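Visitor: According to UniProt numbering, the sequence shown is numbered sequentially starting from 1. A virtual CB, placed ideally from N, CA and C, is assigned to each residue, including glycine. Everything numeric in this text was worked out from a predicted model, so none of it was measured.
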Amino acid sequence: MPDTPLPPSVDRLSPLLDRFRVRAQLFHTGALCGVSLFEQQPGRAFLHVLRRGEMEVVHTGNDGLAPRLIVDEPTLLFYPRAITHAFHNPPVDGSDFTCATLRFDGDEHNPLVQALPSLILLPLRQVTGLEQTLNLLFAETDRSRCGSRLLADRLFEVVLIQLLRWLIDHPDAAGISSGLVAGLSDPRLARALAAIHAQPGDDWTLAAMATKAGMSRAAFAAGFKQATGQTPASYLSDWRLSLAIGELRAGQPIKVIADALGYSGAPAFSKAFKQRFGAAPRDWLREATAA
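(1) So, SER270 versus ILE245, is the Cβ gap smaller than 8 Å?
(2) Which one or two residues does DSSP pair with ARG23 in a beta bridge?
(3) Enumerate, from N- to C-terminal direction, the unbroken alpha helix (DSSP H) stretches of 4 or more residues contained entirely within the segment 75-127.
(4) Does ALA208 come out as helix, strand or coil in the three-state DSSP assignment?
(5) Determine the direct distance from the alpha carbon of ASP203 to that of THR211, and round the result to whole angstroms.
(6) Between the alpha carbons of LEU167 and GLY179, how many angstroms are there, rounded?
(7) Quick one: Cα of ALA272 to Cα of ARG21, how far?
(8) Take ARG165 and list the residues in its own chain whose beta-carbon comes closer than 8 Å to its own, dropping the five residues that flank it on each side.
(9) Would you report the Cα separation of ASP3 and THR128, rounded to the nearest angstrom?
(10) Hey, GLU54 and VAL35: beta-carbon distance below 8 Å or not?
(11) Quick check on DSSP: helix, strand or coil for ARG188?
(12) Please identify the residue among VAL113, LEU102, THR141, LEU236 whose C-alpha is closest to the C-alpha of ASP96.
(13) Can you check which of these residues, GLN275, LEU248, GLN252, LEU261, is closest to LEU285 by C-alpha distance?
(14) Under a three-way DSSP split, which group does THR4 fall into?
(15) Which value, in whole angstroms, describes the spacing of the CA atoms of LEU77 and LEU122?
(16) From ARG51 to LEU124, what distance separates their C-alpha atoms?
(17) Starting from SER36 and walking both ways along the beta strand (DSSP E), at which residues does that stretch end?
(18) Out of ALA45, MET209, ILE257, ILE161, which has the shortest C-alpha to C-alpha gap to ALA190?
(19) Please state if the CB of PRO281 and the CB of LEU243 are separated by a distance shorter than 8 Å.
(20) According to DSSP, is VAL158 part of a helix, a strand, or is it coil?
(21) Kindly indicate which residue of ALA207, ASP172, THR84 has the alpha-carbon position closest to the one of GLN41.
(22) Output the distance between the C-alpha atoms of LEU37 and ALA82, rounded to the nearest integer angstrom.
(23) Pull up the distance between the alpha-carbon of PHE138 and that of PHE46, whole angstroms please.
(24) Kindly indicate the opening and closing residues of the alpha helix (DSSP H) around ILE70.
(25) Between TRP239 and ILE176, is the Cβ-Cβ spacing less than 8 Å?
(26) At what residues does the alpha helix (DSSP H) containing ARG44 begin and finish?
(27) Please state the DSSP three-state secondary structure of GLU247.
(28) Would PHE27 count as contacting chain C if we go by Cβ distances under 8 Å?
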């Protein structure tokens, strides 16, 4: 991917996180001894910070992750999807951790969740600027003061944003070769993606997207497919339908959703929704609510 910096006006993350918010909740700080099991639960992600010590991480699921990993320095471990994992620490004087669960709007339909690897394991020394946020986080979790838990939750969300920034700037180091993060790491494609994310209801023809990226239509289409693994039209459709799920759950009428997301009308939206999810919007919502 090109290393040319983006213009200051291009914000690659805010349009995503404005549409699909994330909420963190601190659930542990201090030592972990012996075996600590973190079970899979739909819609729940984990963000662990190993502050001190050495441990073995064990994965027993069918998730493509290495069965066993050794972590022997201060490290951030981010599981963006529901994956069972276990930490093996000494039975006494275990390693020190600060840990939070994360809830992403849209759950498995969240574009960021879909775009990230099953595990991001990152030594803290690699992320510039993370140390200051973590110092604030640890200061809040190490002492019990008014509002400490709430502030720790917000600081974990800051840590996540800093991590996502790093991933966009260093996709190769994180093992990300294609998908949304890879697209956002390309300065030209990022301009088009940020605009699509911010204004999904606009008339996004291939020519309009290419113009936003400052590229010819052919070069944009080829570069977009190579970076993200999707055609521009396919990505736009997936983005709009991901947003539609949130609007349906919020009780918005189908016609309002269709108009806001750039469809020619409710029938066109319902057809696209059914092709993507296998059920008409109202039927899908009824089944999702029952589940």
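Guide: In short:
(1) no
(2) ARG103
(3) 111-115
(4) helix
(5) 13 Å
(6) 12 Å
(7) 25 Å
(8) LEU13
(9) Low local confidence applies: a pLDDT of 41 at ASP3 is under 50, so the model's placement there is unreliable, and no value is given.
(10) no
(11) helix
(12) THR141
(13) LEU248
(14) Interpretation of THR4 is limited by its pLDDT of 42, a score under 50 that renders its predicted location unreliable; no figure is taken from the coordinates.
(15) 7 Å
(16) 9 Å
(17) 35-38
(18) MET209
(19) no
(20) helix
(21) THR84
(22) 13 Å
(23) 17 Å
(24) ILE70 -> not in any alpha helix (DSSP H); beta strand (DSSP E) instead, spanning 68-71.
(25) no
(26) Element bounds for ARG44: n/a, residue is neither H nor E.
(27) helix
(28) Chain labels in this structure do not include chain C; a single protein chain is all it has.
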